[in-house]
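Asker: Mind having a look at this structure? Questions to follow.
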Amino acid sequence: MSLAAPAPAPPVPPGRPVIVLNKVCKSFGAHQVLRDVDLTVDRGEVVVIIGPSGAGKSTLCRCINRIEVINSGSITIDGVPLPQEGRALARLRAQVGMVFQSFNLFSHRSVLDNVTLAPIKVRGIPRGKAEATARQLLDRVGIADKAHQLPAELSGGQQQRAAIARALAMEPKVMLFDEPTSALDPEMINEVLDVMRELAASGMTMVVVTHEMGFARTVANRVVFMDDGRIVETAPPAEFFANPRSERARDFLGKVLSH
């Protein structure tokens, strides 16, 4: 018995927060990774999360999509509390696209199949319509000619662009990027960042965990600096990079911008 496709969610009214985290805590055993994190992301906003390794950035991103379960606090997506399991979680998760650092494509399926699988299986979209949309998305990310190739036949940058197309195929309200360029060779980084810049320019709501300071400077509406599981400060990029308020942020920028 196949499940009926979930009804499309209504559009988010302008100015309404899409993501709200309230006092979110997360631990792995005795190690606390997130400590009372509060964060609001508005519709159409690009929030870039930076900080040292181990600060909790990727865990925060994975909690928003319920890949990791929080220990306390709350997360809402478009006003709806993030469910813990079941069909409600699947429906809400379909509204939140995620791009991982390791691509996570199905190696035995073509690029086209990777992009169409979730719309067909989860949303019940007819194959013909799903494939037409997938081809448009592959063209949008610049790999239309790779539709029938396997992921192993693509470069790292092309695989990551296929992963972005796959996430977009679900027509998400929000896109999460967890260090999407960290596994790429230097010459392939810009081809992925260019796609992300285009998404930001189109009005997509984005939360981006990255070490790419140039992207944070030029694309973010807001930079969030994390350390030791906490948000230390948040500010527009021009303000943050010119005059960080905390000593920890000044020390971090002094190291990463000197290389």
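To convert, note that position 96 of the sequence shown is 96 in the UniProt record's numbering; the numbers rise steadily by one, no gaps.
By construction, the Cβ of each residue, glycine as well, lies at the ideal position given by its N, Cα and C atoms.
1. Just to confirm, are Val96 and Lys173 a CB contact at a threshold of 9 Å?
2. What span of residues does the alpha helix (DSSP H) with Ala167 cover, start to end?
3. Residues in the same chain with beta-carbon distance under 6 Å from Glu247, minus the five sequence neighbours each way, listed in chain order, please.
4. Terminal residues of the continuous beta strand (DSSP E) containing Arg230?
5. Could you tell me whether the region 33–47 touches the region 218–231, where touching means 3 or more Cβ pairs closer than 8 Å?
6. Rounded to the nearest angstrom, how far is the Cβ of Thr59 from that of Lys26, given a contact under 8 Å?
7. What's the gap between the Cα of Leu3 and the Cα of Asn190?
8. So does the region 122–132 actually touch the region 158–168, counting three or more Cβ pairs closer than 8 Å?
9. Given a cut-off of 9 Å on the beta-carbon distance, is the pair Val195 and Gly142 in contact?
10. Does Asp178 pass the burial test, meaning 16 or more other C-beta atoms within 10 Å, or should it be called exposed?
11. Confirm, please, whether the CB-CB distance from Leu154 to Val111 is below 9 Å.
12. Using alpha carbons as the reference points, say which of Leu184, Glu239, Ile70 lies closest to Ser102.
13. Could you have a look at Gly97 and say whether DSSP puts it in helix, strand or coil?
14. With DSSP run on the structure shown, which of helix, strand or coil describes Ser53?
15. Can you give the beta carbon distance from Leu34 to Gly229, rounded, assuming they're within the 8 Å contact cut?
16. Pull up the distance between the alpha-carbon of Met206 and that of Ala30, whole angstroms please.
17. What three-state label does DSSP hand Val111 in the structure shown?
18. On the criterion of 16 or more Cβ atoms from any shown chain inside 10 Å, does Asn243 qualify as buried, or is it exposed?
19. Can you tell me the Cα-Cα spacing of Arg93 and Pro237, whole angstroms?
20. Could you tell me the distance, in whole angstroms, from the CA atom of Ser74 to the CA atom of Phe240?
21. With a threshold of 16 other CB atoms inside 10 Å of the CB of Phe28, please say whether the residue is buried or exposed.
Answerer: This is what the structure gives:
1. Residue 96 sits at position 96 when you count from the first residue of the sequence shown. Residue 173 sits at position 173 when you count from the first residue of the sequence shown. Their beta carbons are under 9 Å apart, which means Val96 touches Lys173 by this criterion.
2. Locating residue 167 in the sequence shown gives position 167, counting from the first residue. Where Ala167 is concerned, the enclosing alpha helix (DSSP H) stretches over 156–168.
3. For this step, residue 247 is matched to residue 247 along the sequence shown. The answer is none, since no qualifying residue turns up.
4. The residue you call residue 230 lines up with position 230 of the sequence shown. Segment 230–235, the beta strand (DSSP E) holding Arg230.
5. yes
6. On the sequence shown, residue 59 is found 59 positions in, with the first residue counted as 1. On the sequence shown, residue 26 is found 26 positions in, with the first residue counted as 1. With 8 Å as the limit, Thr59 and Lys26 qualify as a contact, their Cβ atoms being about 6 Å apart.
7. Residue 3 sits at position 3 when you count from the first residue of the sequence shown. Residue 190 sits at position 190 when you count from the first residue of the sequence shown. Legend: pLDDT at Leu3 = 34, less than 50; position of this residue unreliable, no value from coordinates given.
8. Touching, no, given that fewer than three Cβ pairs across the two stretches are closer than 8 Å.
9. Working through the sequence shown from its first residue, we reach residue 195 at position 195. Working through the sequence shown from its first residue, we reach residue 142 at position 142. Yes, Cβ-Cβ distance for Val195 and Gly142 is below 9 Å.
10. Here residue 178 is taken as the residue at index 178 of the sequence shown, counted from 1. Under this definition Asp178 is a buried residue.
11. The residue given as residue 111 occupies position 111 in the sequence shown. The residue given as residue 154 occupies position 154 in the sequence shown. Yes; because the gap between Cβ atoms is below 9 Å, this pair is in contact.
12. Taking the sequence shown and counting its residues from 1, the one referred to as residue 102 is at position 102. Ranking Leu184, Glu239, Ile70 by Cα distance to Ser102 puts Leu184 first.
13. The residue you call residue 97 lines up with position 97 of the sequence shown. Strand at Gly97.
14. Here residue 53 refers to the residue found at position 53 when the sequence shown is read from its first residue. If DSSP states are grouped into helix, strand and coil, Ser53 belongs with coil.
15. If you number the sequence shown from 1, residue 34 lands on position 34. If you number the sequence shown from 1, residue 229 lands on position 229. 5 Å between Cβ atoms; contact.
16. In the sequence shown, counting from the first residue as 1, residue 206 sits at position 206. In the sequence shown, counting from the first residue as 1, residue 30 sits at position 30. Take the alpha-carbon of Met206 and the one of Ala30: they are about 31 Å apart.
17. For the purposes of this step, residue 111 is taken as the residue at position 111 of the sequence shown. Residue state, collapsed to three classes: helix.
18. In the sequence shown, the residue the question calls residue 243 occupies position 243. Per the 10 Å Cβ criterion, exposed.
19. The sequence position of residue 93 within the sequence shown is 93, counting from 1. The sequence position of residue 237 within the sequence shown is 237, counting from 1. In a straight line, the C-alpha of Arg93 is about 29 Å away from that of Pro237.
20. For the purposes of this step, residue 74 is identified with residue 74 of the sequence shown, where counting begins at 1. For the purposes of this step, residue 240 is identified with residue 240 of the sequence shown, where counting begins at 1. Their backbone Cα atoms lie some 27 Å apart in a straight line.
21. Taking the sequence shown and counting its residues from 1, one reaches residue 28 at position 28. So Phe28 ends up on the exposed side.
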